[in-house]
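J.:
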Amino acid sequence: TARLETSVTGFRAPLLQNLHDEAAAMIIHDGRRKAKWTHEEIEWAQVDKAKMLSTQTAMAVGLRGCLYPNLVIKTHIQTNAATGSTMNVARQAIKRGGYRALWRGFLTNQTGVIPAHSVYVTGLEWSKQHITRAANNWGCKPGTSSHIGSFIGGATASFCAQLVRTPTDIIAQRLMIQGSKGSQTTYQNGLHAFQTIVKTEGFRGLYAGLGAAVLVSVPFSALFWSSYTTLKSHIGHSMTHAAAFSAQVFGREEEIDIEVTQTAYFRPPFGIWEAVVFSSSAFISSCVALAVTNPIDVVKTRIQTKAKTGRTAEGGRLAQSGAGIIQHLISIVKFEGWGGLSKGFTSRVMTSGPFAIVGILVYEGTKHYAQKGKPTRC
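Under full-length UniProt numbering, the residues of the sequence shown are numbered 1 to 378, in order.
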């Protein structure tokens, strides 16, 4: 079988301007054109934990800070039984409390983000590594093992992080909506809110809606990481097929194989070619997971911001105290229609979409940056 390898150095078809020459090879094999996308997964044992966690956590704090107003708006929408558009809700919040209203609870929220994100990354990487290895030992195909590891790893990471984050989430949400119509309690700051909740509701009040929160975050994380792993492979394959076709259109007459790999060390860790694959996969995965979990997210937010009247601070209807998640869902559909279960979806996309794109690029980049034995290039 004849096998001829040629470098792509100097090949600059318009559609491939940003393709790293180091990352591609054109191969003739058996007279057939194929395209193959391969991505080297760096395991948890191969990275410097301190370097990776510090970089990831700094990214999470900074990005969540930039997107925090969207979270505030989402909370207002989900706790209000009759809201208008996202922009209208934002204007109402600003009218009541000024622009500071869009940043209420920020420091409290960040207090929970820092430890929770470290727990999340550690749980994700550790679980994914061990589950993937176990699946391989059970005879699963490498691709299947990776998907199983990503699904279980994402679920495990989210569950552990939710236990850490829930108390600060509740306090931050109470601060976000105070001053709204129907709000019965005024908090001076996060510490005062903590003391008030413990005094009036007990320590259990800091974990109100934990079941609903877990039913939102765990499926979201599991779906996101499993979808991301799948889409990354499919989109990568599709783009390399397109590259092969483009190569023929722009003057490459021979049948070719294109193999794009990340086993080489680049500066930056990956090029625009890989960045497009990573970011598009992350955004689509995020939207899918958001759509599936939004109804439970509405319930979770209303439980965590409820007033003693059985309504949320902004007038959204709650089922009777002690009712389960199903009863809350029925109550929302009964009084607000099916549209009530989609409240806050746009704001969640506006928050989670950019976070997923930037977060995944930082995630993939820092894994290479923190890889043990990898020299730093400037």
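Built from N, CA and C at the ideal position, the CB exists for glycine as well.
Note that the structure is predicted; figures quoted are calculated from it, not measured.
I need the straight-line Cα distance from I325 to S286, nearest angstrom please.
T.: Going by the C-alpha atoms only, they are around 23 Å apart.
J.: Please state whether DSSP places Q371 in a helix, a strand or coil.
T.: Strand, per DSSP.
J.: Taking the alpha-carbon positions, what's the V218 to N88 distance?
T.: Their Cα atoms are separated by approximately 31 Å.
J.: Tell me whether the beta-carbon of K334 lies closer than 7 Å to the beta-carbon of A213.
T.: No, Cβ-Cβ distance for K334 and A213 is not below 7 Å.
J.: Using the C-alpha atoms, what's the distance from I114 back to I360?
T.: Cα to Cα, the separation comes out at about 18 Å.
J.: Should V292 be labelled buried (16 or more other beta-carbon atoms within 10 Å of its own) or exposed?
T.: Counting Cβ neighbours within 10 Å, V292 comes out exposed, since fewer than 16 surround it.
J.: Our contact map puts R161 next to A193 with C-beta atoms below 8 Å; I'd like the distance itself, whole angstroms only.
T.: It should be noted that the sequence gives Ala, not Arg, for residue 161. About 21 Å; that fails the 8 Å criterion.
J.: Rounded to whole angstroms, what is the Cα-Cα separation between K49 and G153?
T.: Their backbone Cα atoms lie some 17 Å apart in a straight line.
J.: Does the contact criterion of 3 or more C-beta pairs under 8 Å hold for the segment 222-232 versus the segment 140-154?
T.: Verdict: yes, contact present.
J.: Taking the alpha helix (DSSP H) that R91 belongs to, which residues open and close that run?
T.: From DSSP, the alpha helix (DSSP H) with R91 extends over T86 to G97.
J.: With C-beta atoms as the reference, is I357 less than 7 Å away from S281?
T.: Cβ atoms of I357 and S281: not closer than 7 Å.
J.: Using a Cβ-Cβ cut-off of 7 Å (strictly less than) and excluding sequence neighbours within five positions of F151, which residues of its own chain qualify?
T.: For F151, where only same-chain residues beyond five positions count, the Cβ hits under 7 Å are A222, W225 and S226.
J.: Determine the direct distance from the alpha carbon of M350 to that of G65, and round the result to whole angstroms.
T.: Distance between the alpha carbons of G65 and M350 is about 13 Å.
J.: Expressed to the nearest angstrom, what Euclidean distance is found between the alpha-carbon atoms of T366 and V288?
T.: Spanning the two alpha carbons is a distance of roughly 25 Å.
J.: Nearest to V298 by CA position, among G209, M239, V362 and T122, is which residue?
T.: Of G209, M239, V362 and T122, the residue nearest in Cα terms is G209.
J.: Do T156 and S127 have their C-beta atoms within less than 7 Å of each other?
T.: Yes, Cβ-Cβ distance for T156 and S127 is below 7 Å.
J.: Might you give, ordered along the chain, the residues of its own chain that have their beta carbon closer than 8 Å to the beta carbon of N109, omitting 5 neighbours on each side?
T.: Excluding positions up to five away in sequence, the list reads R64, Y68, L71, T168, D169 and A172.
J.: Could you give the uninterrupted runs of the alpha helix (DSSP H) lying entirely in the UniProt repeat "Solcar" (145-234), keeping only those of 4 residues or more?
T.: Correct list: 190-201.
J.: Could you tell me the alpha carbon to alpha carbon distance between V47 and G339, rounded to whole angstroms?
T.: V47 and G339: Cα-Cα distance of roughly 45 Å.
J.: So, at 6 Å on beta carbons, what are the nonlocal neighbours of I42 in its own chain, with the 5 sequence-adjacent residues on each side left out?
T.: If we look at I42 and ignore the five residues flanking it on each side, its Cβ neighbours are K367 and Q371.
J.: Given this structure, state the Cα-to-Cα distance separating T122 from L53, to the nearest angstrom.
T.: About 8 Å.
J.: Please name the residue in Y363, L290 and V362 whose C-alpha comes closest to that of G353.
T.: For the residues Y363, L290 and V362, the minimum Cα distance to G353 belongs to L290.
J.: Buried or exposed: which applies to T79, given that a residue is buried once 16 or more other Cβ atoms fall within 10 Å of its Cβ?
T.: It is buried - the Cβ of T79 has at least 16 other Cβ atoms within 10 Å.
J.: To which residues of the same chain is V362 closer than 6 Å at the C-beta, ignoring the five residues directly before and after it?
T.: Hits under 6 Å: M59.
J.: Got a sec, what are the start and stop residues for the alpha helix (DSSP H) Q302 sits in?
T.: Before going on, a small fix: residue 302 reads as Arg here, not Gln. Unbroken alpha helix (DSSP H) run through R302: I272 to Q304.
J.: Quick check on this structure: which residue in R133, Q304, C140 and W273 has the alpha carbon closest to the alpha carbon of I235?
T.: I235 has its Cα closest to that of W273, out of R133, Q304, C140 and W273.
J.: Since I believe I94 is in contact with S347 (beta carbons under 8 Å), could you give me their beta-carbon distance rounded to a whole number of angstroms?
T.: Their Cβ separation, rounded to whole angstroms, is 15 Å, which puts S347 and I94 out of contact at 8 Å.
J.: Report the CB separation of S342 from N294 in whole angstroms; it is logged as a contact under 8 Å.
T.: The pair is a contact, with the Cβ atoms about 6 Å apart (cut-off 8 Å).
J.: Where do the N-terminal and C-terminal ends of the alpha helix (DSSP H) with G340 fall, by residue?
T.: Run containing G340: none; DSSP gives neither H nor E here.
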